[in-house]
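Quick note: the sequence shown uses this note's numbering, first residue 363, plus one each step.
Glycine is no exception: its CB is placed at the ideal position from the N, C-alpha and C atoms.
All of these numbers come straight from a predicted model, not from anything done at the bench.
Let me begin by presenting the structure, written as structure tokens, before commenting on it.
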Amino acid sequence: MYEGQLAAWLVTLAVEAIVAAILARQFGLVSWKAAAAAFFGSLVTHPVVWWTYFKIIYAIGYWPTFAVVEGFAVGVEAVFYRAAGARWDAAFAISFVVNAASVLVGFALQSAGWI
Numbered sequence: 363m364y365e366g367q368l369a370a371w372l373v374t375l376a377v378e379a380i381v382a383a384i385l386a387r388q389f390g391l392v393s394w395k396a397a398a399a400a401f402f403g404s405l406v407t408h409p410v411v412w413w414t415y416f417k418i419i420y421a422i423g424y425w426p427t428f429a430v431v432e433g434f435a436v437g438v439e440a441v442f443y444r445a446a447g448a449r450w451d452a453a454f455a456i457s458f459v460v461n462a463a464s465v466l467v468g469f470a471l472q473s474a475g476w477i
């Protein structure tokens, strides 16, 4: 595990589950199912995202790396929202929004020196 990874993972799990639960009704999902989809999706994607980030950032740069790893997370996690009952378009929308929220909270916490 890389330095800071556990803290970032815990923040990701919490933020994404909370945001997914809040968004659930807008997309016709049960809140706990959306939260569970967020939680289990992030359990799967976060280690891959973290590892890949450090493996490719120096080869392709920050923003292309960001796009690759977040695109991967959104795509894979959308499958979990689909399994929770969302249509494909809704699954991708939820996944995009919860990942964006997680990234923004992560940036804020990192800027504040908390992670």
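Distance CB(residue i)-CB(residue j) smaller than 8 Å
i: ALA470; j: LYS395; result: no
i: THR407; j: SER464; result: no
i: VAL460; j: ALA400; result: yes
i: VAL430; j: GLY403; result: no
Contact test: residue i Cβ vs the ligand SAH heavy atom, cutoff 7 Å
i: GLY437; result: As presented, the structure is devoid of all ligands, the ligand SAH included, so that no description of it is given.
Inter-residue CB distance, residue i and residue j (contact presumed, cutoff 8 Å)
i: ILE477; j: GLY366; result: 6 Å
i: ALA485; j: ILE456; result: Residue 485 lies beyond the range of the chain shown here (363 to 477); nothing can be said about it.
Other residues of its chain near residue i: CB distance less than 6 Å, five sequence neighbours each side excluded
i: ALA453; result: ALA440, TYR443 and ARG444
i: ALA386; result: SER393 and ALA396
i: ALA379; result: ALA397, ALA400 and PHE401
Close Cβ partners of residue i (< 8 Å) along its chain, the five nearest in sequence each way excluded
i: PHE419; result: Here the sequence assigns Ile to residue 419, which means Phe is not the residue at that position. The answer, listed in chain order, is THR427.
i: ILE422; result: VAL430
Same chain, Cβ closer than 7 Å to residue i, five either side skipped, listed in chain order
i: ALA382; result: ALA396, ALA397, ALA399, ALA400, ILE456 and VAL460
i: TRP450; result: ARG444
Can you check the region 372-442 for any alpha helix (DSSP H) of at least 4 residues that lies completely inside it and give the ranges in chain order? 393-422
Any 3 or more C-beta pairs closer than 8 Å across the region 408-415 and the region 432-451: yes
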